[in-house]
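Heads up: the sequence shown begins at 1 in the UniProt record's numbering, then just goes up one per residue. First up is the structure itself, then whatever we jot down about it.
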Amino acid sequence: MIALGLLTASACCHAAWNLLLKRGGLGGPAFVWLCGLLTLPISLVLLLRGSLATTWWAGLVSMALHTAYAVTLQKAYGAGAFSTVYSVSRGSAPALVAIASLSGPHVYGGAALVLVGVLLMERPHSRAPARGVVLGLAVATCTAAYTLWDGFAVRSLHVDLLTYLAVANVAQVAALSPMARRSELQNWRRALPIAVLMPASYGLVLLALTVASVGTVAIGRSLNVVLGVLLGVVVLHERLDAARVIGLATMVGGVLLVSV
Numbered sequence: 001m002i003a004l005g006l007l008t009a010s011a012c013c014h015a016a017w018n019l020l021l022k023r024g025g026l027g028g029p030a031f032v033w034l035c036g037l038l039t040l041p042i043s044l045v046l047l048l049r050g051s052l053a054t055t056w057w058a059g060l061v062s063m064a065l066h067t068a069y070a071v072t073l074q075k076a077y078g079a080g081a082f083s084t085v086y087s088v089s090r091g092s093a094p095a096l097v098a099i100a101s102l103s104g105p106h107v108y109g110g111a112a113l114v115l116v117g118v119l120l121m122e123r124p125h126s127r128a129p130a131r132g133v134v135l136g137l138a139v140a141t142c143t144a145a146y147t148l149w150d151g152f153a154v155r156s157l158h159v160d161l162l163t164y165l166a167v168a169n170v171a172q173v174a175a176l177s178p179m180a181r182r183s184e185l186q187n188w189r190r191a192l193p194i195a196v197l198m199p200a201s202y203g204l205v206l207l208a209l210t211v212a213s214v215g216t217v218a219i220g221r222s223l224n225v226v227l228g229v230l231l232g233v234v235v236l237h238e239r240l241d242a243a244r245v246i247g248l249a250t251m252v253g254g255v256l257l258v259s260v
């Protein structure tokens with residue numbers, strides 16, 4: 001239940017920065033670079049106080065996977081509705097993680113319920129929703145990849161969490177600098193809350209990985225979908241029909257199955 005509490009707090013941060021990203025209409029590698037740049041001073045301080053023994057190379061791998069995720073996510077939001085992309089990407093990833101991590105029967109059961117919930121909520125009725133679903137699945141693949149790697153780094157390599165996040169952020173800023181544009185700096189006010197909420201949301205996930213299995217944490221993160229759909233309906237005025245309500249209830253059931 002400790003992990004569930006951490007994941008609930010993470011879900012609030014995660015849904016908030018995704019909504020800000022969608023509403024801001026900003027995207028691309030240059031915007032990812034700007035978000036990392038805004039928290040670079042903190043990352044450098046953490047690097048000075050931390051141990052880089054096994055953290056540096058593990059953090060580089062994490063950086064590559066998270067950068068691919070961030071860029072793919074922005075492309076998805078540019079082509080599909082917020083609630084569609086968010087629901088599919090957050091809801092499908094746990095099933096991929098559960099399969100790859102060879103989890104127990106209850107985790108497989110929870111993953112199946114989550115996947116059924118996604119299918120109930122997102123039945124493509126036109127080309128645009130279908131494109132959102134396809135891109136959402138691409139984001140889910142990136143999410144599953146970094147979840148598995150970060151789980152390995154935390155549980156097997158025993159990396160220092162703050163140093164691990166700092167290495168990934170510094171490396172991301174350095175890698176994306178050639179794509180950066182000076183004009184991007186004028187967007188710093190809109191980027192700042194995203195730059196704060198993004199590492200906060202995932203730092204809570206890494207903490208959850210210290211007390212629960214990768215499969216359990218992955219499925220617990222499906223709670224984000226509930227918040228994402230509600231924000232899409234309330235803030236962006238997207239549709240909420242009976243199928244979506246049933247789908248959400250099914251997904252929550254899957255999360256609770258692996259969290260008790």
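Just so you know, even glycine gets a beta-carbon here, dropped at the ideal spot from N, CA and C. Being a predicted model, the structure only gives us computed values, none of them experimental.
Taking a C-beta distance under 8 Å as the contact criterion, Ala9 and Leu204 qualify as a contact pair.
In the structure shown, Gly220 adopts helical secondary structure according to DSSP, grouped into three states.
For Val154, the closest of Ala208, Leu19, Gly220 by C-alpha to C-alpha distance is Ala208. Within the same chain, and ignoring the five residues on either side of Leu46 in sequence, the residues whose Cβ sits closer than 7 Å to its Cβ are Leu162, Thr163, Ala166.
In the structure shown, Thr55 adopts helical secondary structure according to DSSP, grouped into three states. Non-local beta-carbon contacts of Trp56 in its own chain, meaning distances under 8 Å to residues more than five positions away in sequence, involve Val167 in chain order.
Less than 8 Å divides the Cβ of Ile219 from the Cβ of Pro94. The straight-line gap separating the alpha-carbon atoms of Leu227 and Ser201 is approximately 14 Å. One Cα belongs to Ser43, the other to Pro199, and the distance between them is close to 11 Å.
For the 8 Å CB-CB criterion, Leu231 and Ala79 do not form a contact. Distance from the Cα of Val97 is smallest, within the candidate group Ser213, Arg244, Gly253, for Ser213. Contact between Leu60 and Trp149 does not hold, since their C-beta atoms are separated by about 11 Å, which reaches or exceeds 8 Å. Straight across, the Cα-Cα distance linking Met251 with Thr216 is about 14 Å.
Inclusion of Trp33 and Met179 in the CB contact set at 8 Å is warranted, their separation being smaller than that value.
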